[in-house]
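To convert, count from 1 in the sequence shown and add 16; that's the working numbering.
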Amino acid sequence: MDKVTKLFDTWAKGGRSEIMEREHRKTVTKFLRSLSFKKSFSFLDVGCGNGWVVREIATRKNCKIAVGIDKSKNMIKSALAKKISSKENYIQTDLKSWDYRGKFDYIFSMESLYYLVPMEPPLKKLYKLLKRGGQFFCGTDFYTDTKVTKRWKDQMKIPMDLRSKKEWVQMFKDIGFQTKTNQIRDPKSYKKWKREFGTLFIIGKK
Ligand SMILES: C[S@@+](CC[C@H](N)C(=O)[O-])C[C@H]1O[C@@H](n2cnc3c(N)ncnc32)[C@H](O)[C@@H]1O
17 MDKVTKLFDT
27 WAKGGRSEIM
37 EREHRKTVTK
47 FLRSLSFKKS
57 FSFLDVGCGN
67 GWVVREIATR
77 KNCKIAVGID
87 KSKNMIKSAL
97 AKKISSKENY
107 IQTDLKSWDY
117 RGKFDYIFSM
127 ESLYYLVPME
137 PPLKKLYKLL
147 KRGGQFFCGT
157 DFYTDTKVTK
167 RWKDQMKIPM
177 DLRSKKEWVQ
187 MFKDIGFQTK
197 TNQIRDPKSY
207 KKWKREFGTL
217 FIIGKK
């Protein structure tokens with residue numbers, strides 16, 4: 017088993033998926049509220065953890081299907097145990113080797129893409145998995161601009177692809193996405209970087 021899977025399997029078992037959910041929810045919920053899914057849509061969450069975003073999206077009126085993939089068996093186990101709707105689907109797989117033939121209207125990922133090093137090949141794969149006109153919403157707290165989060169790379173002791181905001185945007189553009197960003201700060205956080213920088217969402221449209 018690779019180091020990333022091992023780490024997140026341990027986190028899921030030790031209740032850290034719920035801690036991540038609580039922490040990430042603060043900016044992700046604000047971001048998701050800013051989106052309107054007007055027509056019937058399909059949704060994929062890459063590195064879905066315990067499935068909290070999939071569960072939330074599956075409750076939206078126009079959601080046909082919401083799929084969460086994660087390479088940690090324990091994360092998927094936890095997502096399945098929390099499942100509340102038949103629209104939710106969870107698959108234990110590595111994005112790299114996932115052999116899926118369909119396409120999605122929306123793809124989402126929070127704090128997951130940078131564990132695939134380098135990010136370009138998986139990002140190209142996600143581009144292919146999107147329908148034309150579809151969008152990829154990619155949230156990251158890990159980018160050099162925050163100054164602080166780059167310490168995580170040494171603390172975590174697993175491969176992590178660290179880029180600046182400018183580099184994230186350029187990478188999306190190089191792959192063919194029409195790209196914009198939305199930086200959502202958490203003004204109530206006791207952490208300075210969360211108040212000043214917050215979560216960077218890169219929004220790529222195909
Ligand atoms: C920091 S957690 C974030 C989980 C969730 N998105 C959240 O916000 O609570 C990163 C997740 O990405 C998953 N992951 C990392 N690399 C992956 C890959 N190559 N394919 C699928 N999942 C992956 C991990 O197993 C882990 O559950």
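Yeah, the Cβ is synthetic: ideal placement off N, Cα and C, and Gly gets one too.
Note that the structure is predicted; figures quoted are calculated from it, not measured.
Exposed unless 16 or more other CB atoms sit within 10 angstroms - verdict on residue i
{"i": "D61", "result": "buried"}
{"i": "K21", "result": "For the sequence presented, residue 21 should be read as Thr rather than Lys. Burial call: buried."}
{"i": "P138", "result": "buried"}
{"i": "I10", "result": "Residue numbering for the chain in the displayed model covers 17 to 222; residue 10 lies beyond these limits and cannot be assessed."}
{"i": "E136", "result": "exposed"}
{"i": "K210", "result": "buried"}
{"i": "R117", "result": "exposed"}
{"i": "G30", "result": "exposed"}
{"i": "N90", "result": "buried"}
{"i": "M187", "result": "buried"}
{"i": "V164", "result": "exposed"}
{"i": "K189", "result": "exposed"}
{"i": "R49", "result": "exposed"}
{"i": "T75", "result": "exposed"}
{"i": "K19", "result": "exposed"}
{"i": "D115", "result": "exposed"}
{"i": "S88", "result": "buried"}
{"i": "G67", "result": "buried"}
Bridge-paired residues (DSSP) for residue i
{"i": "K221", "result": "Q151, Q194"}
{"i": "V62", "result": "I85"}
{"i": "L146", "result": "F120"}
{"i": "M126", "result": "G155"}
{"i": "T215", "result": "I200"}
{"i": "F57", "result": "C79"}
Worksheet item: Is it true that the segment 166 to 179 meets the segment 146 to 155, where meeting means three or more beta-carbon pairs spaced less than 8 Å apart?
Response: No, they do not touch.
Fill in: Whole alpha helix (DSSP H) elements within the segment 84 to 121, 4-residue minimum
Listed in chain order, they are 89 to 98.
Worksheet entry | Closer than 6 Å: residues whose CB approaches a heavy atom of ligand 1 | Cβ-based neighbours of ligand 1 within the cut-off: V20, F24, M36, E37, H40, G63, C64, G65, I85, D86, K87, S88, M91, D110, L111, K112, M126, E127, S128, Y131, L132.
Fill in: the segment 114 to 130 contacting the segment 29 to 47, beta-carbon criterion three pairs below 8 Å
yes
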